[in-house]
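S.K.: In this text, residue positions in the sequence shown follow our numbering: the first is 1, and each later residue adds one. Handing you a structure now.
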Amino acid sequence: FQCGKCKKQFTSLPTFMSHKREHCQPMPQQQPLKCTYCDKMFSKNFDLQQHIRSHTGEKPFQCIVCGRAFAQKSNVKKHMQTHK
1 FQCGKCKKQF
11 TSLPTFMSHK
21 REHCQPMPQQ
31 QPLKCTYCDK
41 MFSKNFDLQQ
51 HIRSHTGEKP
61 FQCIVCGRAF
71 AQKSNVKKHM
81 QTHK
């Protein structure tokens, strides 16, 4: 699947559709989201939630091999490479 706007290619339809939602479709105008801990502003709730974990210490993503916990899913994915 190839994005018609940026020409990036994807091997799966769900990934392609996610890209189209996040990257290519215009975002409706909305009020910025403010962190309740430090007042930093975010345009996406996903980014705000990840940022809040830097204050709370929450680590909801866990390595299934060794049990190490991470605040971000992308970090546990990178970590999993160390077990190969």
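Note that the Cβ used here is the ideal one computed from N, Cα and C, for glycine as well. Note that the coordinates shown come from a computational prediction; the quantities given were computed from them, not determined experimentally.
For residue 8 and residue 82, what's the separation of their Cα atoms in angstroms?
M.R.: Residue numbering aside, residue 8 sits at position 8 when the sequence shown is read from its first letter. Residue numbering aside, residue 82 sits at position 82 when the sequence shown is read from its first letter. Cα-Cα distance, rounded: 28 Å.
S.K.: What three-state label does DSSP hand residue 2 in the structure shown?
M.R.: One-based indexing of the sequence shown puts residue 2 at position 2. Strand.
S.K.: Is the Cβ-Cβ distance between residue 75 and residue 61 less than 9 Å?
M.R.: In the sequence shown, the residue the question calls residue 75 occupies position 75. In the sequence shown, the residue the question calls residue 61 occupies position 61. Cβ distance < 9 Å, so residue 75 and residue 61 count as in contact.
S.K.: Going by CA-CA distance only, name the one from 67, 65, 72 that's closest to residue 57.
M.R.: For this step, residue 57 is matched to residue 57 along the sequence shown. Cα-wise, what sits closest to residue 57 is 72.
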